[in-house]
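Asker:
4 protein chains.
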Amino acid sequence: MRPTTSTTPASLQLADAKAVLAAQPFSRLVGAQLTAFGDGRAELRVPLAEHHRQQDGVVHGGVLSYAADNVLTFAAGAAVGPAVFTAGFTISYLSPARGDELIARAEVVRAGARLVTVNAELFDQRDDDEHLCAVAQGTVARR
Amino acid sequence: MRPTTSTTPASLQLADAKAVLAAQPFSRLVGAQLTAFGDGRAELRVPLAEHHRQQDGVVHGGVLSYAADNVLTFAAGAAVGPAVFTAGFTISYLSPARGDELIARAEVVRAGARLVTVNAELFDQRDDDEHLCAVAQGTVARR
Amino acid sequence: MRPTTSTTPASLQLADAKAVLAAQPFSRLVGAQLTAFGDGRAELRVPLAEHHRQQDGVVHGGVLSYAADNVLTFAAGAAVGPAVFTAGFTISYLSPARGDELIARAEVVRAGARLVTVNAELFDQRDDDEHLCAVAQGTVARR
Amino acid sequence: MRPTTSTTPASLQLADAKAVLAAQPFSRLVGAQLTAFGDGRAELRVPLAEHHRQQDGVVHGGVLSYAADNVLTFAAGAAVGPAVFTAGFTISYLSPARGDELIARAEVVRAGARLVTVNAELFDQRDDDEHLCAVAQGTVARR
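Taken in sequence, the protein lines are chains A, B, C and D.
According to the numbering used here, the residues represented by the first sequence are 441 to 583, in order.
According to the numbering used here, the residues represented by the second sequence are 441 to 583, in order.
According to the numbering used here, the residues represented by the third sequence are 441 to 583, in order.
According to the numbering used here, the residues represented by the fourth sequence are 441 to 583, in order.
This is the structure in structure tokens:
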């Protein structure tokens, strides 16, 4: 997440963060929405469609890894401001994602002087229930 | 990578693997192409366009993580056949990806009785040079 | 964790698990103790001494990674029994560990048919307070 | 790796690096030796004994994770000097380690302005042959 403009350099509000997401062409291609942002937390949602699938009909792992990457970065930005870049992350796939919507939630574990460690959980929503599909752990660096 | 049909259950050839990729709606959305497959190795290429970018103009990390996820899985399939699922992976971003094409190459490190460990490297191609953008390490399970 | 004997093949109790730990020469060298075990959870403690340190006086990262490796494996064993082996894990170091005791707690996130995903947190205990030093995410395979 | 003294702040030589390792009480407990250091590479060796084992006689995963942690950090120090700390790493276990000696080799993949990405391979030596036991990928931060 590297916003080129921000009303306040040191912090991002939900509206600012939504504007950052809307300015990401790949996030528009995927159809992601930012539904919560603040206090070292972020939530992304992806309404699921045919074009998110892999050959067997479940959601492609790449959609989950995209959501993990992005929600981890937004959560870090919600803790320490926009001057961050994602160093990397680990994702473990737990069960195939299906259903109406993918929900990715991330929370900062520790915001250090140089690095921010973030955990994320990814759920699919089916029949009003959420099912855990993947967990991720990431490292975001301050610039 | 969970092909529902395969000419030989125990192995996949390049043509089969290309058919699997073509049967992934999300890979079509991203525009990925499979350019090498066999002997525990795979190569994916994504011709880069505006819709792969994040807000600052470089390729979105989610495109890289999609490519890592998929090429790791194909490389494992090239070693042990199609009856695999990806358990997870770690990706480290090294430098922003730009240029004309994203190239993801993966190689199986070890194909064990239950798990296959795979390494991947992601490059962007600019002005006929390849630049390393990310490295990944993944675990793929046999079904 | 590969116990060679177990009163019941399908499950481990705290006493069994303590016997497994006591049968690990490296865990005796490090001085680890198993203080909780069951229901997909485990807790290891390492009373800290001079020989756990690195050159600057804080606990060596290798002690933390040992504790993460072991507690993740025990938690998986507490969920699915002793017939498991650890495929790998990711550890993020958050702050230097100091003080009297290292505490590693792990909890199974998902026990699947082939793989068990586990999260762990590592704390040091100083002046009766616990401080989070590291987080880990691991994958354990069923045999 | 946080050496408190160094003849030159910007670089470490093999002798300096050996002195750092010798100043790590936990590395002395494990019995690790630094056998190569320079140009973004490092090699650690651990002569294997009974006290490195787990309950089934193979080398404990914690010995491998210790070696990965340490060799990754030394390789980063060999690239960018001693002012570094390890942010975290991922280790995948490929096969049980046995034999006479554990050998850990690491190489810097990219030394960026803030972060250094390092890959490592761990081998055991048996009957004059080396067998790959684990691979690791780590992130080391500059101070």
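The beta carbon of each residue, even a glycine, is placed where N, CA and C say it ideally should be.
Quantities reported herein were computed from a predicted structural model and do not represent experimental measurements.
For Gly497 of chain A, which of helix, strand or coil comes out of DSSP?
Answerer: Note: Gly497 of chain A maps to coil in three-state DSSP.
Asker: Secondary structure at Ser439 of chain D, three-state DSSP: helix, strand or coil?
Answerer: The structure shown has nothing for residue 439 of chain D, since chain D only spans 441 to 583.
Asker: Please state whether DSSP places Gly517 of chain D in a helix, a strand or coil.
Answerer: Three-state result, Gly517 of chain D: helix.
Asker: Using the Cα positions of Ala574 of chain D and Asp456 of chain A, report the straight-line distance between them to the nearest angstrom.
Answerer: Whole-angstrom Cα-Cα distance: 44 Å.
Asker: So what does DSSP say about Arg545 of chain B, is it helix, strand or coil?
Answerer: Strand, per DSSP.
Asker: Can you name the start and end residues of the beta strand (DSSP E) that Arg582 of chain A belongs to?
Answerer: Start and end: 569–582.
Asker: Taking only the alpha-carbon atoms, compute the straight-line gap between Glu547 of chain A and Gln453 of chain B and give it to the nearest angstrom.
Answerer: Spanning the two alpha carbons is a distance of roughly 42 Å.
Asker: Where does Asp509 of chain D fall in DSSP's three states?
Answerer: In this structure, Asp509 of chain D counts as helix in the three-state DSSP scheme.
Asker: Quick check on the burial criterion: 16 or more other C-beta atoms within 10 angstroms. Buried or exposed for Gly528 of chain D?
Answerer: Flag for Gly528 of chain D reads buried.
Asker: Have a look at Asp496 of chain A and Gln464 of chain B and give me their C-alpha separation to the nearest angstrom.
Answerer: Looking at the two C-alpha atoms, the distance is approximately 8 Å.
Asker: Anyone know if the C-beta pair for Ala462 of chain D and Leu512 of chain D falls short of 7 Å?
Answerer: No; because the gap between Cβ atoms is not below 7 Å, this pair is not in contact.
Asker: Leaving out five residues before and five after Ile389 of chain B in sequence, what residues of the same chain have Cβ atoms less than 6 Å from its Cβ?
Answerer: It is not possible to answer for residue 389 of chain B, since the shown part of chain B is limited to 441 through 583.
Asker: Is Ala553 of chain D buried or exposed, if buried means 16 or more other CB atoms sit within 10 Å of its CB?
Answerer: So Ala553 of chain D counts as exposed.
Asker: If you count every other CB in all the chains shown that lies within 10 Å of the CB of Arg468 of chain D, and 16 or more means buried, which is it?
Answerer: Counting Cβ neighbours within 10 Å, Arg468 of chain D comes out exposed, since fewer than 16 surround it.
Asker: Measure the CB-CB distance between Leu562 of chain A and Arg550 of chain C and report whether it falls below 7 Å.
Answerer: No, these two residues do not count as a Cβ contact at 7 Å.
Asker: Bridge partners for Arg481 of chain D per DSSP, in chain order?
Answerer: Paired residues: D:Gly478, D:Glu547.
Asker: Ala581 of chain C: which of C:Pro536, C:Ala516, C:Asp568, C:His571 sits nearest, CA to CA?
Answerer: Considering only alpha carbons, the answer is C:Ala516.
Asker: With C-beta atoms as the reference, is Val556 of chain A less than 7 Å away from Val520 of chain A?
Answerer: Taking 7 Å as the Cβ cut-off, Val556 of chain A and Val520 of chain A qualify as a contacting pair.
Asker: So which residues of chain A does Ser532 of chain C contact, with C-beta pairs closer than 7 Å?
Answerer: The answer, in chain order, is Thr557, Gln577, Thr579.
Asker: Strictly below 9 Å CB to CB, what residues from chain C border Gly552 of chain A?
Answerer: Those within 9 Å of Gly552 of chain A in chain C are Leu534, Ser535.
Asker: Starting from the beta carbon of Leu572 of chain C, find every residue of chain A whose beta carbon is closer than 9 Å, and list them in chain order.
Answerer: Those are Val549, Arg550, listed as they occur along chain A.
Asker: Tell me, to the nearest whole angstrom, how far the beta carbon of Val470 of chain D is from that of Val486 of chain D; I am working on the premise that it is less than 8 Å.
Answerer: That belief holds up - the Cβ atoms of Val470 of chain D and Val486 of chain D are roughly 6 Å apart, short of 8 Å.
Asker: Under 9 Å between beta-carbons, which chain A residues line up against Ala546 of chain D? List them in chain order, please.
Answerer: Here the premise fails: no neighbours, minimum Cβ distance about 17 Å.
Asker: If we define contact as Cβ-Cβ less than 7 Å, is Arg582 of chain A a contact residue for chain B?
Answerer: It does not: the Cβ of Arg582 of chain A has no partner Cβ on chain B nearer than 7 Å.
Asker: Check the Cβ of Val524 of chain C against every Cβ in chain D and list those closer than 8 Å, keeping chain order.
Answerer: Ordered by position in chain D, no residue passes the 8 Å Cβ test against Val524 of chain C, which lies about 12 Å from the chain.
Asker: In whole angstroms, give me the CA-to-CA distance for Thr475 of chain C and Gln565 of chain C.
Answerer: Their Cα atoms are separated by approximately 15 Å.
Asker: Work out the CA separation of Leu488 of chain A and Leu542 of chain A for me, nearest whole Å.
Answerer: Leu542 of chain A and Leu488 of chain A: Cα-Cα distance of roughly 7 Å.
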